[in-house]
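Participant: The structure that follows is given in the form of structure tokens.
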Amino acid sequence: MPSRLACRRMVVPPIVSGSSFTNSNLFDASVNAGVIRLKLLMTDLQKRIQSVDWDSFSHPCYPSSHLEQVPGLLLSLFDSTESVAQAAINKLSHMIAHQGNAGSISVPALPFLIERIEQGSPSPVLEELMVVVYSFSHYLSPIDTSQWNDSDWALARRSFNYPDDYNWTCDIRKILIQKLERFRELVQHPNEEIADYAKMTLENLAPYCNT
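Take 4 as the starting number for the sequence shown in this note's numbering and just add one per residue.
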């Protein structure tokens with residue numbers, strides 16, 4: 004027969020004046036819980052980043068040795084320290100959207116940037132994220148090849164292996180179109196630069212969607 008003590012419900016004593024369990028304890032417990040949640044989120048993020056076969060992607064402006072940094076930079080982008088996240092997006096913006104030039108590696112990287120935007124990044128980080136988003140929306144428009152001559156085709160193939168690599172430009176646009184509502188919200192952002200980039204992004208995407 005089980006003991007009565009084993010069946011008794013545990014009663015948490017109230018916090019009273021003079022108790023050794025204070026508001027400070029509650030604060031510490033809350034902070035610890037937050038740290039645990041953050042660690043779990045980062046662990047999930049690491050798994051998702053590591054699940055991508057980054058070696059199979061490329062960028063016309065960078066050798067593969069440089070692109071090896073992308074997974075680590077994406078993880079740093081989610082760091083709670085603003086300066087770390089800022090440094091990460093500054094480097095990423097050059098690697099996946101260098102002077103407006105995208106590469107196939109931009110496709111798996113972009114959803115992580117969008118995820119960081121949706122988390123509510125600090126303004127300096129969010130502004131740089133929106134610069135990348137805007138550059139994709141601006142430069143990745145359909146290419147009219149009807150007037151191209153042999154030299155034009157040769158230059159395109161040297162630049163980004165057209166038309167083989169053109170499929171991923173469409174993929175990037177699809178990713179952005181799925182997030183139209185978030186960009187509309189950012190048009191109302193108190194940071195003027197962020198709001199402007201969101202507005203210009205929507206203008207660039209407008210011809211490709213029905214909304």
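Cβ atoms here follow ideal geometry from the backbone N, Cα and C, with glycine treated the same way.
1) Distance check for serine 54 and glutamate 188, CA to CA, integer angstroms please.
2) What is the rounded straight-line gap between the Cα of alanine 88 and the Cα of alanine 201?
3) Quick check: the Cα distance between aspartate 47 and isoleucine 117, rounded to an integer number of angstroms?
4) With a cut-off of 8 Å, does the C-beta of proline 74 fall near any C-beta of chain B?
5) Are the Cβ atoms of serine 149 and threonine 204 separated by less than 8 Å?
6) Going by Cα to Cα distance, which pick from Ser138, Leu113 and Ser86 is closest to proline 125?
7) Considering only the beta carbon of each residue, do isoleucine 175 and alanine 105 sit closer than 8 Å?
8) Is the beta carbon of glutamate 130 less than 8 Å from the beta carbon of serine 96?
9) Between which two residues does the alpha helix (DSSP H) harbouring alanine 91 extend?
10) Cα-Cα, which of Arg185, Leu208, Asn93 and Pro210 is closest to alanine 198?
11) For the candidate residues Phe115, Ser59 and Ala90, whose alpha-carbon lies nearest to that of lysine 182?
12) Tell me the residue span of the alpha helix (DSSP H) that contains phenylalanine 115.
13) Can you tell me whether tryptophan 57 is helix, strand or coil according to DSSP?
14) Tell me where the alpha helix (DSSP H) around phenylalanine 75 begins and ends.
15) Alpha carbon to alpha carbon, what distance is there between glutamine 49 and leucine 113?
16) Return yes when at least one heavy atom of the ligand PLP lies under 7 Å from the C-beta of histidine 97, else no.
17) Can you have a look at alanine 100 and say buried or exposed, based on whether 16 or more other CB atoms are within 10 angstroms of its CB?
18) Could you give the first and the last residue of the continuous alpha helix (DSSP H) run that contains histidine 141?
Facilitator: For this structure:
1) The alpha-carbon atoms of glutamate 188 and serine 54 are separated by roughly 31 Å.
2) Computed Cα separation, rounded: 20 Å.
3) The alpha-carbon atoms of aspartate 47 and isoleucine 117 are separated by roughly 16 Å.
4) This model lacks chain B altogether; it includes just one protein chain.
5) Cβ atoms of serine 149 and threonine 204: not closer than 8 Å.
6) For the residues Ser138, Leu113 and Ser86, the minimum Cα distance to proline 125 belongs to Ser86.
7) In this structure, the beta-carbon distance from isoleucine 175 to alanine 105 falls below 8 Å.
8) Between glutamate 130 and serine 96, the C-beta gap is not smaller than 8 Å, which leaves the two residues out of contact.
9) For alanine 91, the enclosing alpha helix (DSSP H) has its first and last residue at 85-99.
10) The shortest CA-to-CA distance from alanine 198 to any of Arg185, Leu208, Asn93 and Pro210 is the one to Arg185.
11) When the alpha-carbon of lysine 182 is set against those of Phe115, Ser59 and Ala90, the nearest one is in Phe115.
12) Note, phenylalanine 115: alpha helix (DSSP H), 109-121.
13) Residue state, collapsed to three classes: helix.
14) Reading the sequence as shown, one finds glycine at residue 75 and not phenylalanine. The continuous alpha helix (DSSP H) containing glycine 75 extends over residues 73-80.
15) Whole-angstrom Cα-Cα distance: 16 Å.
16) As far as ligands go, the structure on display features none, and thus does not contain the ligand PLP.
17) Classification for alanine 100: buried.
18) Per DSSP, histidine 141 belongs to the alpha helix (DSSP H) from 126-142.
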